Amino acid sequence: SATVAFLDEAFKASSSILNSLLSILNERTFCENGACTSLEKVPLLMCIFSSNEIPHPNDTSVHALFDRILVRVPMRPLQGEQLKEMLTMYDNVSDEKGSGGG
42 SATVAFLDEA FKASSSILNS LLSILNERTF CENGACTSLE KVPLLMCIFS
92 SNEIPHPNDT SVHALFDRIL VRVPMRPLQG EQLKEMLTMY DNVSDEKGSG
142 GG
C-alpha cells in the first residue's frame, strides 16, 4: 500500500526477492508467496535505493533491477567534520524555513 519505498542494499537480495521487486517496479503488481492467485496492485510512485556497493558488471542477477534506477548519485562516505557539517546543514535549513514569512 506504499506510494514511496526506500530499499537499502536491495542488490544483495535473493533472486526471488529481486523478481518480486521487478514485478512491482515494472507492472505495479505483487504476487504473495509467488502464487498469483490474487494479484495485488501496488500504488508505488517512487522507489529510492541505497547501497554501499555498485553491482559488479559480471553479476547478471541484478542487471534488470539496476537498469530500472533512473537517477544514480554516487557519494563518498562522509566522515568526521564532513558528517557533522552535513547534519548541521539540515538544522540551518530548518531554522531558515521556520523564521520569516515563508
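Under our numbering, the sequence shown is numbered contiguously, ending at residue 143. Don't be surprised by glycine CBs; every beta carbon is placed ideally from N, CA and C. Since this is a predicted model, take the numbers as computed values, not measurements.
In the structure shown, S79 adopts coil according to DSSP, grouped into three states. Apart from sequence neighbours up to five positions away, the residues of its chain that approach L59 with a beta-carbon distance below 6 Å are L106, ordered along the chain.
Here V45 is exposed, its C-beta having fewer than 16 other C-beta atoms within 10 Å. Straight-line spacing of the CA atoms in E94 and L48 works out to 13 Å. Counted as a single uninterrupted DSSP element, the stretch harbouring F47 is not any alpha helix (DSSP H) but the beta strand (DSSP E) occupying residues V45 to D49.
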